[in-house]
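Be aware that the sequence shown starts at 152, since it is given in this note's numbering, and climbs by one per residue.
A virtual CB, placed ideally from N, CA and C, is assigned to each residue, including glycine.
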Amino acid sequence: EFDHSTMVDDFITPRPSTCTLNKLEAFEYVERWYFTPEGCLNAAESQRSQADDIFSLAKVGDSLALRQLSAVKASCNAVKDADLTWDQMMMGKVLFLHHVQEVSWPKNHLTSLAHFFINIEIHPFCLCPYGEKTLTLY
Numbered sequence: 152e153f154d155h156s157t158m159v160d161d162f163i164t165p166r167p168s169t170c171t172l173n174k175l176e177a178f179e180y181v182e183r184w185y186f187t188p189e190g191c192l193n194a195a196e197s198q199r200s201q202a203d204d205i206f207s208l209a210k211v212g213d214s215l216a217l218r219q220l221s222a223v224k225a226s227c228n229a230v231k232d233a234d235l236t237w238d239q240m241m242m243g244k245v246l247f248l249h250h251v252q253e254v255s256w257p258k259n260h261l262t263s264l265a266h267f268f269i270n271i272e273i274h275p276f277c278l279c280p281y282g283e284k285t286l287t288l289y
């Protein structure tokens, strides 16, 4: 038996953009591309290229507030879910599940999402011609 609390990561978990994480926290829809290696790399490159002192106006209730542009701006490189490859969807699902857990989505939502992705990955359509594309569109 081992102590779960003593595990040491030897890498830094890829991180999607601040905008993506804000949407997750607000329980809003986010394209799966943002959780793929390409999406996280794009977020890292954008973070380095954008100055942290660029702000935009955001409506908060009946007021206006200043927010960092990187926190509200979606990527122009984002790919629609329907256009993802099977590999992108499979790689993105794990990071998506990790980050929805990090922003404290309800446990029953996490369980449902995990079961959904497992059932997609083991579905018999995976063995059919165009099956992976069909399941990606689903």
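C-alpha of Thr169 to C-alpha of Trp256: approximately 17 angstroms in a straight line. Segment contact: the segment 233-251 against the segment 181-193, three or more CB-CB distances shorter than 8 angstroms; contact assigned. In the three-state DSSP reduction, Ser214 falls in the strand class (E or B). When C-alpha distances from Phe178 are compared across Pro280, Asn270, Tyr281 and His250, the shortest belongs to His250. Across the set Asn259, Asp213 and Val245, the C-alpha of Val245 shows the shortest separation from the C-alpha of Glu272.
Beyond the five residues adjoining it in sequence on each side, Asn193 comes within less than 6 angstroms, by CB distance, of Ser226 and Asn228 in the same chain, given in chain order. For Pro188, the secondary structure class from DSSP, reduced to helix, strand or coil, is helix.
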